[in-house]
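Residue numbers (the working numbering), protein chains in the order written: chain A, 1 to 451; chain B, 1 to 451.
Since the structure comes first, as structure tokens, the remarks are kept for the end.
There are 2 protein chains.
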Amino acid sequence: MITKPATLKGTRDFLPHQIAKRSYLFDTIRTVFQSYGFAPIETPAMEKSETLLGKYGEEGDKLLFRILNNGDFMEGVDTGASSASIASQISKRALRYDLTVPFARFVSQHRNELQFPFKRYQIQPVWRADRPQKGRYQEFFQCDADVVGSESLWHEVDFIQIFDEVLTRLGLKVFTIKMNNRKILAGLAEVAGHSDRLKDIAISLDKLDKVGKEQVILEWQSRGIDQEAIEKLSAIFAMKEKKSTEGLRALLAHSEIGLMGMDELDQVMAHAKALGLQSAKLEFDITLARGLDYYTGAIFEVVSDEVAIGSICGGGRYDDLTGIFGMPDMPGVGISFGADRIYDVLDQLQRWPADMMTVPDIIFMNFGEKEAFRCMQVMKEMRKMGYAAELYPSPVKMKKQLKYADDRGIRYVGLIGGEELSSGKITLKDMQEGSQESLELDGFKERMKRG
Amino acid sequence: MITKPATLKGTRDFLPHQIAKRSYLFDTIRTVFQSYGFAPIETPAMEKSETLLGKYGEEGDKLLFRILNNGDFMEGVDTGASSASIASQISKRALRYDLTVPFARFVSQHRNELQFPFKRYQIQPVWRADRPQKGRYQEFFQCDADVVGSESLWHEVDFIQIFDEVLTRLGLKVFTIKMNNRKILAGLAEVAGHSDRLKDIAISLDKLDKVGKEQVILEWQSRGIDQEAIEKLSAIFAMKEKKSTEGLRALLAHSEIGLMGMDELDQVMAHAKALGLQSAKLEFDITLARGLDYYTGAIFEVVSDEVAIGSICGGGRYDDLTGIFGMPDMPGVGISFGADRIYDVLDQLQRWPADMMTVPDIIFMNFGEKEAFRCMQVMKEMRKMGYAAELYPSPVKMKKQLKYADDRGIRYVGLIGGEELSSGKITLKDMQEGSQESLELDGFKERMKRG
């Protein structure tokens with residue numbers, strides 16, 4: 001029976017030229033992470049269901065890919081129950097949904113093998129049962145760096161520099177690192193007399209860019225925020241406009257947590273600016289809220305100002321990531337690069353470097369067994385010099401062999417026929433320049449350096 | 001509620017020092033694959049169930065990890081059916097079991113975007129619901145290279161060179177590439193008068209090393225191979241002993257396919273030996289059978305002669321890998337490196353290189369805000385020079401900071417206190433040599449080069 005060859009919706013194959021681009025992206029991120037002292041870890045794709053369930057809210061639970069138990073999994077299952085209840089009976093494994101929860105599990109599990117503060121980075125795929133659509137996949141990579149076991153704000157400064165360094169290296173010229181502090185938002189809720197309604201206030205505020213001021217106020221009203229509070233909160237709109245903290249200290253004067261957030265923000269901003277940034281604009285954005293679930297201090301978001309595609313990086317500080325795994329009081333801060341979006345940005349702006357190798361440096365034409373064997377000997381030496389070389393596998397017509405070299409975009413073609421066999425030379429065709437020359441193997445390296 | 005932090009049985013976390021080793025392994029394999037003209041591809045972890053089911057035999061089907069459909073997956077399901085039948089109703093996705101079937105699916109799906117012969121390599125994890133035990137995991141990496149669309153035996157020669165090059169680079173000193181040809185086995189079955197019983201003959205023969213000659217004969221008998229055939233086949237035992245093809249041509253004189261296999265074997269062996277191998281012994285092994293399911297020509301297996309751990313690499317030629325996906329007559333040949341086993345071999349032999357970086361080159365001690373800021377400036381310059389540097393995040397007692405540097409095995413410690421702030425110098429402590437010196441930032445690079 002013939003199976004139709006097709007990937008699942010929401011998943012992708014990567015062809016060589018795509019892998020080349022992605023490797024360049026990952027390598028750049030990896031190199032910068034390492035230069036700041038971060039070390040790589042990896043965790044399994046499959047985690048125990050109990051490790052992941054309940055960590056991403058009710059919606060998140062629904063988006064987990066769960067793995068069927070093997071063997072006679074239906075034995076003893078109450079088939080009258082709901083799908084959700086049956087799922088927990090027939091599935092004890094699930095696929096990683098992000099890198100944060102597995103990292104918290106990792107730190108808790110290996111606490112005695114690690115030195116704290118522990119700085120790790122992790123570049124691995126994650127899986128989400130989101131409805132597939134343009135730019136949204138069910139399998140995609142995350143690139144995270146976190147420090148746990150430290151409250152020092154120098155890490156925030158490091159992360160701002162890392163955003164700047166990675167994106168500059170990747171050739172982004174105009175981008176903005178937006179920054180806020182969760183304690184400032186908590187302070188705003190406090191001075192508005194709604195300490196318990198931080199989430200409601202922030203969720204609506206986060207939409208300001210999209211829906212406008214009037215809509216935010218309407219939403220606050222419908223969420224039960226009273227008029228007096230709304231009047232106090234309205235000072236925010238002017239701050240948003242000015243991208244400035246002017247007046248914020250006065251507004252937060254009676255909120256201890258709010259002022260603490262201001263101090264943190266000012267300190268990080270001042271240090272980052274004094275150290276200097278290459279391409280990034282660093283801006284305060286009072287409406288920035290992000291997923292408020294575990295962030296407790298600084299929050300970050302990076303947007304490209306050249307391509308409208310939403311945030312390309314994010315991150316923030318948390319007080320207690322590992323408490324759920326029985327390891328309390330482990331503060332930390334981390335960031336994430338959205339590899340797929342950055343890939344799309346570089347594609348749109350055509351900012352990929354020119355020299356990303358996906359094909360060998362040279363391919364030899366095949367004129368028969370004796371000639372081919374000589375090519376094999378020559379290629380062996382070329383590989384020792386660091387070049388990638390291959391032989392067209394069979395002695396078919398030259399035209400077909402040359403077309404293959406051309407179709408693959410291989411620049412140099414090596415020819416060893418009867419004449420070269422006796423002279424010991426190689427004829428080298430430069431497909432790009434359309435030139436041809438005869439040289440000794442010793443001269444090959446020089447020729448390649450000349451380009 | 002607190003969740004106990006634990007990985008699933010059969011899966012592993014990788015700590016930084018393990019990632020460093022594994023990256024070195026993968027990078028070596030990748031570099032050699034590329035030098036022979038292979039290009040990287042990746043396929044999704046999740047494939048349609050129909051792509052994988054039935055491709056690995058009945059046992060394989062049971063070892064697939066299948067993914068539960070999302071939403072109300074039980075709706076309309078006949079709950080009275082067997083677990084196997086229910087599985088196919090509630091799961092339309094499964095995790096990749098190897099890299100070969102997804103590759104066949106990839107080639108068939110993208111045939112119009114590829115140039116043939118197509119040479120790809122792929123280094124990705126696979127998942128199998130095997131019972132976990134020492135050295136056997138449910139999630140592990142495979143490192144494959146294949147050429148499809150070519151019958152040329154030069155590829156076999158390339159692959160022998162690749163085995164030799166990769167394992168030599170990794171520091172293996174004594175290992176054997178065993179080689180056989182499926183056509184020779186078919187020829188033996190033919191001359192024994194049991195062309196249809198190739199599988200029975202080969203499966204028993206494959207156990208010769210483990211169980212001995214007498215047991216193999218007993219097994220043949222129990223599989224219904226008659227006495228006359230067994231007498232003919234017994235010539236094999238002497239050949240196995242001598243590791244030689246002597247007498248094989250005579251034995252196969254009346255089998256066309258057998259003689260073809262001999263020709264292929266001789267040609268590949270002769271070319272590989274004439275080109276020369278660095279560390280590998282290349283041996284004919286008439287008992288080598290491997291999974292006979294799709295191999296049709298050369299078969300390979302590599303064993304370490306220093307560590308008894310079974311085969312560390314394998315591979316072979318096939319006539320028709322993509323036929324199941326509606327793309328017939330696509331011959332090819334491929335190999336696979338068993339990364340986990342090679343990792344274990346290198347661990348046992350302690351052949352890892354000494355300089356695998358998992359920690360930064362230098363860590364700066366933290367004496368307070370002003371000093372730390374100067375460290376941040378200095379580190380920025382050091383990173384531009386290509387060094388990895390970090391700051392101890394908070395100004396705690398020196399002893400604690402130094403212990404942290406020591407525990408992590410960071411060789412150089414940078415000190416910028418009040419004195420250095422005014423002199424503009426850095427005090428550099430070499431934790432390995434126990435020495436200390438004062439230098440300018442400009443002198444740092446020179447000092448690091450000296451080591």
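For each residue, glycine too, the CB sits at the ideal point set by N, CA and C.
Residue i classed as buried or exposed, judged by whether at least 16 other C-beta atoms fall within 10 angstroms
i             : result
residue 146/A : buried
residue 221/A : exposed
residue 359/B : buried
residue 184/A : buried
residue 396/A : exposed
residue 452/A : Since the first and last residues shown for chain A are 1 and 451, residue 452/A lies out of range.
residue 161/A : buried
residue 429/A : buried
residue 150/B : buried
residue 346/A : buried
residue 372/A : buried
residue 88/A  : exposed
residue 119/B : buried
residue 132/A : exposed
Test item: CB-CB of residue i and residue j under 8 Å
i             : j             : result
residue 335/B : residue 300/B : yes
residue 307/B : residue 254/B : no
residue 94/A  : residue 140/A : no
residue 354/B : residue 37/A  : no
residue 364/A : residue 416/A : yes
residue 205/B : residue 230/B : no
residue 187/A : residue 288/A : no
residue 333/A : residue 159/A : yes
residue 144/A : residue 109/A : no
residue 170/B : residue 342/B : yes
residue 16/B  : residue 102/A : no
residue 280/A : residue 179/A : no
residue 48/B  : residue 8/A   : yes
residue 376/A : residue 268/B : no
residue 344/A : residue 309/A : yes
Boundaries of the beta strand (DSSP E) in which residue i is found, first to last residue
i             : result
residue 125/B : 118-127
residue 362/A : 362-364
residue 348/A : That residue, residue 348/A, is in no beta strand (DSSP E); its alpha helix (DSSP H) goes 339-349.
residue 302/B : 295-304
residue 324/B : Looking at the DSSP string, residue 324/B is not in any beta strand (DSSP E), and its letter there is neither H nor E.
residue 312/A : 311-318
residue 284/A : 280-284
Listed by chain order, chain A residues near residue i by CB distance under 9 Å
i             : result
residue 359/B : 37 and 39
residue 399/B : Simply none; closest approach about 15 Å.
residue 326/B : 2, 3, 4 and 5
Neighbouring residues, chain B, relative to residue i (Cβ below 7 Å)
i             : result
residue 407/A : 115
residue 404/A : 115
residue 19/A  : 40, 41 and 42
residue 390/A : 36 and 37
First and last residue of the uninterrupted alpha helix (DSSP H) at residue i
i             : result
residue 13/B  : Taken as a continuous stretch (DSSP letters only), residue 13/B belongs to no alpha helix (DSSP H), as it is neither H nor E.
residue 418/A : 418-423
residue 138/B : No alpha helix (DSSP H) holds residue 138/B; DSSP gives it neither H nor E.
residue 270/A : 256-275
Contacts of residue i in chain A (Cβ-Cβ under 7 Å)
i             : result
residue 128/B : Ordered by position in chain A, no residue passes the 7 Å Cβ test against residue 128/B, which lies about 10 Å from the chain.
residue 162/B : Those within 7 Å of residue 162/B in chain A number zero; the least Cβ separation is about 10 Å.
residue 108/B : 5
residue 352/B : Result: empty, since nearest Cβ-Cβ is about 16 Å, beyond 7 Å.
Interface residues of chain A facing residue i [CB-CB closer than 8 Å]
i            : result
residue 16/B : 39, 40, 41 and 120
residue 79/B : 74 and 79
residue 83/B : 71, 72, 73, 74 and 75
Chain-ordered neighbours of residue i on chain B, where CB pairs are closer than 9 Å
i             : result
residue 331/A : Chain B residues near residue 331/A: none, gap ~11 Å exceeds 9 Å.
Amino acids of chain B, ordered along the chain, whose beta-carbon sits closer than 8 Å to that of residue i
i             : result
residue 125/A : 45
residue 67/A  : 65, 66, 67, 68 and 95
Next on the checklist: Just to confirm the assignment: which complete beta strand (DSSP E) runs, minimum length 3, are found wholly within the stretch 44-113 of chain B?
Outcome noted: With a minimum length of 3 residues, the continuous beta strand (DSSP E) runs that stay inside the stretch 44-113 of chain B are 46-48 and 93-95.
Checklist entry - Can you give, in chain order, each stretch of the alpha helix (DSSP H) that sits fully within the stretch 171-236 of chain A and has at least 4 residues? => result Here the runs fully enclosed are 182-191, 198-205, 208-211, 213-222 and 227-233.
Item to check | Residue ranges of each alpha helix (DSSP H) within the stretch 366-436 of chain B, 4 or longer | outcome: Counting only runs of 4 or more, we get 369-384, 398-408 and 418-423.
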